[in-house]
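Colleague: Pasting a structure here, questions to come.
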């Protein structure tokens, strides 16, 4: 059986369209955006805070380290001053003895590096700083350069050692003609390019050197406790002459 037709009024009736709450939707969207912005801003602020803390910590650590280094340096200077005297020539000599074992070795291997036999103030100042002398270089210089020549030598730093070494060389030259001949005939008796303490003592007797042979041997010796000398230890010019083949020097 067919269904009865619907009433025209009912058939033509339409349901109302759903209500669009646009205001509420915009509010919710805006609230979400604000929340996200707050979260982003909060994260960025926290990261910035952590960054500042790290930077601050690094700065503090660096400052503490530098402060500690300054304290250590000041303490080192105080210890050096107490150990080696104030800042004068006596303290300078004590430091040289402590470091090199003798004034002569200090002169040859710490101060007069080019072997010229003398130093200007600029050379002396640079050498003092290089070997770690923390005293007054000018004060030491004035005490050493008492004649105002503008140069200092081993004679002004260790006159006894300088005189003894000079006397030995002069005696050898007077007897053998030059240092190289004296080396071959008296000092290097074994022909092994070395002079032992025993041979050196015999050489001193042969040439009539009045200085203490053992002490003189130590003056020439480049290392404390070494048992022999080489040509360049006694006279660098002698070694250079041998290599040139200049027997007469």
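In our numbering, the protein residues as written are 2 to 250. Positions of the beta carbon are idealized from the N, C-alpha and C atoms, including for glycine.
Below 8 Å on the Cβ atoms is my guess for residue 165 versus residue 104; work out the distance and round it to an integer in Å.
Modeller: With 8 Å as the limit, residue 165 and residue 104 do not qualify as a contact, their Cβ atoms being about 12 Å apart.
Colleague: Taking buried to mean at least 16 other C-beta atoms within 10 Å of its own C-beta, is residue 115 buried or exposed?
Modeller: exposed
Colleague: Would you kindly work out how many angstroms separate the C-alpha atoms of residue 171 and residue 71, rounded to a whole number?
Modeller: The alpha-carbon atoms of residue 171 and residue 71 are separated by roughly 51 Å.
Colleague: Got a sec? Which residues, its chain only, sit under 6 Å from residue 107 by beta carbon, not counting five neighbours each side?
Modeller: 97 and 101
Colleague: Pull the bridge partners of residue 153 from the DSSP assignment, please.
Modeller: For residue 153, which the question treats as bridged, DSSP gives the partners 120.
Colleague: Between the alpha carbons of residue 94 and residue 137, how many angstroms are there, rounded?
Modeller: 13 Å
Colleague: At the level of alpha carbons, what is the spacing between residue 117 and residue 68?
Modeller: 42 Å
Colleague: Kindly give me the distance between the Cβ atoms of residue 250 and residue 240, rounded to whole angstroms, as I take these residues to be in contact under 8 Å.
Modeller: Rounded to the nearest angstrom, the Cβ distance from residue 250 to residue 240 is 11 Å, too far for a contact under 8 Å.
Colleague: Once the 5 residues before and after residue 181 are set aside, which same chain residues still bring their CB inside 7 Å of it?
Modeller: Contacts found: 239, 242, 243, 248 and 250.
Colleague: Go to residue 193, then tell me how far its alpha helix (DSSP H) extends in each direction, as first and last residue.
Modeller: Per DSSP, residue 193 belongs to no alpha helix (DSSP H) and is neither H nor E.
Colleague: Taking the alpha helix (DSSP H) that residue 199 falls in, what are its first and last residues?
Modeller: 198-208
Colleague: Does the Cβ of residue 183 have 16 or more other Cβ atoms within 10 Å, making it buried, or fewer, making it exposed?
Modeller: buried
Colleague: Using CA atoms only, rank isn't needed, just tell me which of 77, 188 and 73 is closest to residue 203.
Modeller: 188
Colleague: Are the beta-carbon atoms of residue 234 and residue 220 separated by less than 7 Å?
Modeller: Inclusion of residue 234 and residue 220 in the CB contact set at 7 Å is not warranted, their separation being larger than that value.
Colleague: Let me confirm a value: residue 208 is counted as buried when at least 16 other C-beta atoms fall within 10 Å, else exposed. Which label applies?
Modeller: buried
Colleague: Could you spell out the range, first to last residue, of the alpha helix (DSSP H) harbouring residue 160?
Modeller: 160-177
Colleague: Go to residue 218, then tell me how far its alpha helix (DSSP H) extends in each direction, as first and last residue.
Modeller: 214-221
Colleague: For residue 163, count the other beta carbons within 10 Å of its own beta carbon; 16 or more makes it buried, fewer makes it exposed. Which is it?
Modeller: It is buried - the Cβ of residue 163 has at least 16 other Cβ atoms within 10 Å.
Colleague: What do you get for residue 175, buried or exposed, if any count of 16 or more other CB atoms within 10 angstroms of its CB means buried?
Modeller: Counting Cβ neighbours within 10 Å, residue 175 comes out exposed, since fewer than 16 surround it.
Colleague: May I have the straight-line CA-CA distance separating residue 179 from residue 173, to the nearest angstrom?
Modeller: Their Cα atoms are separated by approximately 7 Å.
Colleague: Figure out for me which residue from 177, 212, 127 and 151 has the closest Cα to the Cα of residue 169.
Modeller: Out of 177, 212, 127 and 151, the CA that lies nearest to the CA of residue 169 is found in 212.
Colleague: Can the beta-carbon of residue 200 be found closer than 7 Å to that of residue 190?
Modeller: Yes; because the gap between Cβ atoms is below 7 Å, this pair is in contact.
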